[in-house]
Structure formats: C-alpha cells, structure tokens
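So the structure is just underneath, and the comments pick up after that.
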Amino acid sequence: MAGQQNVDVAIVGAGFAGMYMLHKTRQLGLKAQVFEAGSGVGGTWYWNRYPGARCDVESLEYSYSFDEELQQEWSWSERYSAQPEILTYANHVADRFQLRDDIQFDTRVEAAAWDEATSRWQVTVNNAGTIERCSPRFLVMATGCLSSPNTPRFEGAEDFSGEIYHTGEWPHEGVDFTGKKVAVIGTGSSAVQSIPVIADQASHMTVFQRTANYSIPAHNSAMDTELEARTKATYAEFRDLNRQENGALGSRFGRNDESALAYTEEERRAQFEKRWTLGGFAFMRSFGDLLINDEANETARSFVQDKIAEVVNDPATAALLAPKQVIGCKRLCLDTNYFETFNLDHVDLVDVNANPIERFTENGLLAGSTEFDVDAIVLATGFDAMTGTLLKIDIEGVDGLKLQEKWEAGPRTYLGLSVPEFPNMFMITGPGSPSVLTNMIMAIEQHVDWITECLGYISQNGHTSIRTTTDAEEAWVDHVNAVADQTLMPTCNSWYLGANIPGKQRVFMPLIGFPPYVEKCNEVAANDYEGFVLA
Ligand code: FAD
Ligand code: NAP
37 MAGQQNVDVA IVGAGFAGMY MLHKTRQLGL KAQVFEAGSG VGGTWYWNRY PGARCDVESL
97 EYSYSFDEEL QQEWSWSERY SAQPEILTYA NHVADRFQLR DDIQFDTRVE AAAWDEATSR
157 WQVTVNNAGT IERCSPRFLV MATGCLSSPN TPRFEGAEDF SGEIYHTGEW PHEGVDFTGK
217 KVAVIGTGSS AVQSIPVIAD QASHMTVFQR TANYSIPAHN SAMDTELEAR TKATYAEFRD
277 LNRQENGALG SRFGRNDESA LAYTEEERRA QFEKRWTLGG FAFMRSFGDL LINDEANETA
337 RSFVQDKIAE VVNDPATAAL LAPKQVIGCK RLCLDTNYFE TFNLDHVDLV DVNANPIERF
397 TENGLLAGST EFDVDAIVLA TGFDAMTGTL LKIDIEGVDG LKLQEKWEAG PRTYLGLSVP
457 EFPNMFMITG PGSPSVLTNM IMAIEQHVDW ITECLGYISQ NGHTSIRTTT DAEEAWVDHV
517 NAVADQTLMP TCNSWYLGAN IPGKQRVFMP LIGFPPYVEK CNEVAANDYE GFVLA
C-alpha cells in the first residue's frame, strides 16, 4: 500500500457511491484511496448477477446525472436495463474518469479506529490475505445498503449434494439450469426477477414462499429512442423534476395527490388500470394517500389481488400468491411474467408457513414432512440491509466505543450521514437518510455532493475534525421515527425494519421523503454545519 499512509480520504466500496465520491474528492485536490472487496467496480451490479437481474427504476433515471457529457453520450438499450449493461456502464464511468488508479480491489476493510491524538482514522485492510494499514483524515463508508447477503442457516445445508446459490453472490461464469430441478427460497424482488428466467431452463421448479409480495408489471421494452432523445434534450431539467419527487424518481408519469377515497369505485379502478398499464412504481402514485390511509391502501391492494387472480389459473395457487399486507409496506416488486410462471406445469409453489423448511437433505430439502428432490437451491433471501455491512467492520470511535455497541438498539445517526462518537466519518446513504426509498443514484449524488462541500469547508477553515452532537442525533432519530409513524410503512415485517434478520432490532431505518431531506441538508450546510462541532 505504498504511498497511501497519508491519504486524506479513505473510501470503502467502489459501487456507484464510492466511484462518485472518489471523483469528487479528487476535484477538491484531496488524495483519496478506495478499498473494494470485489475485483471490480459496480457494487450491487458486480455481485448480483442472477438471471433476470435488472434495475426497477427506469435506466434514463437510474444513472449518474453529475456529468452532462456522460449522460448525453451513454445510451441504454432497454427501459429497465439488465445487470450486464449496468455493470458495463459502471466500468465505462471508471474508465472515463480514470478511477481505477485510486481503487484497490480484492481488499476488504476489516477495522477502523479513531485516533483522537492525531485526528486520523487507523484503517486496517485485508488485501487478499495480507494485512495493511493506512491513516486517513476522513473515512467515507460507501459500503452499500444491500451488500451483505442474508443467508439463513438451514439445518443440514452441508449434507446437500447439489449446488446452493445466493442471488447476491452469483457466480461470475453464470449457472446453467437446463434440465435441472431447482428450488427457490424467497419471493422478494430478486426472486420475482429470477423465477421466470430460471423456470425457462429448469425441468422443474419449486418456489418456497414465506410472504406473498405485490408485484407490478414492469412493461420492460427496448429503449424508446424518441423518449430518450426528448429526455436528453432537457436532461438537467428532467433530473431536477425527479429530485422534487418523494422517491427522486418517476416525474414523467406525474402523480395524483388526491385521496383514493375521493373517487367512485369505477373512477378509482380506471386510475389504477391506467397506471398498471404504464408499469412500475407509477402505480403507487395513483393517489396521494395510499401509504398513509389504510382504507385508501386497501383499494390498491384489492386491485392488485384481483389482477393476480385473473392471471393465475389455479385458484389455490392464486390465493397463496395474493399478498395480505399493506401494499408498498415492503418494497414493491416489478416483474416480467412472474405470476404467469405459476401457470407452468413444471412450477410449484410451497407455503413455508404451512410447510416449514425443516432441513436440507442430501437430495434436496424437507418441508412440511415432504422431501423435495432438487439439483440446486437458490437462496433469494435478501440482505441484512442498511446496517449489516457497516456492522461487519470493526469500527471504533471516541473512547473506544464500537459502532456495534452504539447501534445495539438500532442505528442512530444525524442526517444518515454521521454518528456523534465517530468524527470525520461519513456514511453515503446511511440509515436515517432517504436512501433505499429513492432512486438510489440520486440519493448517492446528493450525499456525495454534500460530503464534498463539507470537506471543502473544513479545509478552507483550517479545521481538523468534524463531529455531530448527541442533541442533533437524538432530534434526528425522533424525526425519522415520527415521519415513518405518520405512514403505513412500519406495519409489516419488511427489511426496512430489519424484520427479515432474526434478532435484529425493529427500527424503521430509512427516512421517508427526499425533497424535505435535501432542504434540511442544505440548511445545515448554510448554517455553518448546524448540529456539528468543527474543531
Ligand atoms: P453497493 O453497490 O452495494 O457497493 C458497495 C460496495 O462496497 C460493494 O462493492 C462492496 O463489495 C463494498 N464493500 C462493502 N464492505 C466493504 C468492506 N468492508 N471493504 C471493502 N469493500 C466493501 N436501487 C435503485 O435505486 N434502483 C434499482 O433499480 C435498484 N436495483 C437493485 C437491484 C438489486 C439486485 C439490488 C441488490 C439493489 C438494487 N438497488 C437499486 C439498490 C442498489 O444497491 C443501489 O442502487 C446502488 O447500486 C448502491 O450503490 P452503493 O455504491 O451505495 O453500494
Ligand atoms: P427481500 O426483498 O428481502 O426478499 C427476500 C425473500 O426471502 C423474502 O420473500 C423473504 O420472506 C424470504 N426469506 C428470507 N429468509 C427466509 C427464510 N429463512 N425462509 C424462507 N423465506 C425467507 O430480498 P431481495 O429480493 O434480494 O430484495 C432486496 C432489495 O434489493 C429489494 O427490496 C430492492 O430494494 C432491491 N432489489 C431490487 C431489484 C430490482 O428490481 N431492481 C431486484 C432485487 C433486489 P419475508 O418477506 O417473509 O421476509
């Protein structure tokens, strides 16, 4: 790690967040070093190579906006581009801005300790088995919200003679399921995308479902080149309009802010139908109160339940696939032929509530006293979201306080950017920020721009450290909870609450609402970093 002893900024992760952070830090004239556990850039899109993986935010939106030439010169081939193309884009950005020179791949950050005497972090990394250290002034965690796969412990897993795959750690060489009997565990977004594609190859597929999920047709298609040209003609304005939306996305389909209950049943259905036809998250913008009023929400969920019943031929299977929870409470899925797949003769659905998975066996798995003979098991079981990756790193702040201890009862931050006892450390899309409830590239850019401005301010004013106050943290945590409690979002067992991980504290982690959040961050900066102490 020659030459890295005195880096100004250590950045952990080379996904979209770490890459942009590196680019911006360089513009400030600071020396930055990125550490990335993987062998390439792209983060999510480097690891999640499962069949059918693609974005669920339209590609014209799910892309960087920070460089006009970049957004003009790049063309996406589909409305929602697939993982290989998104990964190619990440590599293109890395080449275009010569980012690789300052990224150390195959290097996992294992520990970071704050040294009060020098106002520096002591960072320990594992470079393919060799332990190295560096001492940056600032530490930026670009470690991702969905980057620690959740691999539930199934008894007997070691006895299984076939292959076990997790969607979030998919083999780079791909997997050929042709003629194979495949079990898929999980029915979240990764499963909803992969099941129809794997079913095309497999000789038999059994899907093990714990919670049925709402899914809206993506209506994916080849890129509409006229739409692309129109968008590019005013790309900056288009991005700004999206930033004014709660999720920083979807302005092109507009939204209806009125109550679902202000319409007759017929009018309401017509509105849902129109947005169902548009595809994607536009559906949840049919009315303004779908996520705050249960009665309004019920109208949307019954519409989707009816759609599922129309598509799925077998009434018992259709009933099992019909979700019961509030729609939008778990992350909505977007699909291409998901429900249709259950009409195929070689695809079965098993409800694990009625037939719990008891154990894996040599030839498959045992659930509800039935042995399912399979060649491969796909774990589409999600992630230890938002905190999992950060807590795997041994981060030690002021007076030896570990982040694990600090967050024992759930994550506590100021603005999702900073934690009081961890000076000079910033998180990109950390818990307490809109992060996973947005088009994440917009949230990433906003955080990186804010952090960069803050680093510039610190340098210009000759400060050595920045730390947030406990008062600011407390007020922020209360605010994040209060906003969530005004909605229906904390009402089901979602990963937003950590409910998918046994033993994880139940805390609603992201902040709802991008525009007021951005305003707050801007105010904090304009008021000389209100809520922070600069030394
Ligand atoms: P990541 O892409 O997760 O990158 C973090 C990087 O940090 C990883 O490469 C990881 O290896 C590295 N890292 C972590 N810990 C360490 C360590 N200790 N040492 C070294 N390196 C480390 N969001 C959307 O807005 N729209 C979408 O359509 C969308 N689709 C998604 C599809 C899938 C399958 C998944 C899983 C997520 C999706 N997301 C989507 C969310 C997605 O994670 C973000 O959009 C975005 O890619 C996150 O970028 P990031 O750089 O913050 O994190
Ligand atoms: P997920 O939404 O958390 O889904 C995991 C699935 O596994 C759930 O159905 C869950 O059931 C089930 N599960 C977990 N543990 C289980 C166990 N022990 N036994 C049986 N079932 C179990 O994870 P994901 O599908 O990977 O998606 C995570 C997030 O990544 C998404 O919400 C989204 O933000 C992002 N993503 C986006 C896309 C996209 O379309 N672009 C694709 C993939 C992922 P429960 O619901 O009961 O917990």
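Numbering follows the numbering used here, in which position 149 of the sequence shown is assigned residue number 185; successive positions increment by one, without gaps.
All C-beta atoms in this analysis are idealised placements derived from N, C-alpha and C, irrespective of residue type, glycine included.
The alpha carbon of Ser501 has as its nearest neighbour, out of Thr523, Thr527, Asp330 and Met461, the alpha carbon of Met461. With a contact defined as Cβ atoms closer than 8 Å, Met55 and Ile464 miss out at about 11 Å. For a cut-off of 8 Å, the C-beta gap from Val410 to Thr527 is around 35 Å, too long to register as a contact. At a cut-off of 4 residues, the continuous stretches assigned as alpha helix (DSSP H) that sit fully inside the segment 93-127 are 104-109. When rounded, the separation of the alpha-carbon atoms in Val519 and Met525 is 10 Å. In this structure, Pro467 is the residue among Glu432, Pro467 and Glu394 with its C-alpha nearest to the C-alpha of Ala421. DSSP assignment within the segment 269-338 yields the following whole alpha helix (DSSP H) runs of 4 residues or more, N-terminal first: 271-279 and 301-314. By the neighbour-count definition (other C-beta atoms within 10 Å, threshold 16), Gly78 is a buried residue. In this structure, DSSP gives Gln341 a helical state, which the three-state scheme calls helix. A distance of 8 Å or more separates the beta carbons of Thr247 and Ser230. For Ala118, the CB contacts under 6 Å within the same chain, skipping 5 residues up- and downstream, are Arg90 in chain order. Remark: the shortest separation between the CB of Arg144 and any heavy atom of the ligand FAD falls under 7 Å. About 5 Å separates the CB atoms of Ile344 and Ala358; that is less than 8 Å, so the two are in contact. Around the beta carbon of Arg169, fewer than 16 other beta carbons lie within 10 angstroms, which makes this residue exposed. Distance from the C-beta of Ser183 to the nearest heavy atom of the ligand NAP is not below 7 Å.
A Cβ-Cβ contact shorter than 8 Å links Gly452 with Ser471. A check of alpha carbon separations from Asp325 across Asn42, Phe378 and Asn292 identifies Asn292 as the nearest.
Distance from Gly418 to Asn186 at the Cβ level is roughly 5 Å; contact confirmed, criterion being Cβ atoms closer than 8 Å. Excluding the 5 residues flanking it on each side, Ile413 has same chain C-beta neighbours closer than 6 Å at Ile200 and Ala219, in chain order.
Nearest to Ser111 by alpha-carbon distance, out of Glu262, Val145, Gly222 and Gly180, is Glu262. Straight-line spacing of the CA atoms in Asn536 and Gly224 works out to 11 Å. When Cβ pairs closer than 8 Å are counted between the two stretches, the segment 143-154 is seen to touch the segment 60-78, the count reaching three or more. In this structure, the straight-line span from the alpha carbon of Gln108 to that of Tyr493 is close to 31 Å. Put simply, the backbone Cα of Glu481 is about 7 Å away from that of Ala53.
Below 8 Å, too few C-beta pairs join the segment 41-49 and the segment 186-195 to call them touching: fewer than three.
Rounded to whole angstroms, the separation of the alpha carbons of Leu415 and Val554 is 36 Å. Judged by their CB atoms, Ser184 and Thr425 are nearer to each other than the 8 Å cut-off. By the Cβ neighbour-count rule, Pro551 is exposed, with fewer than 16 other Cβ atoms within 10 Å of its own.
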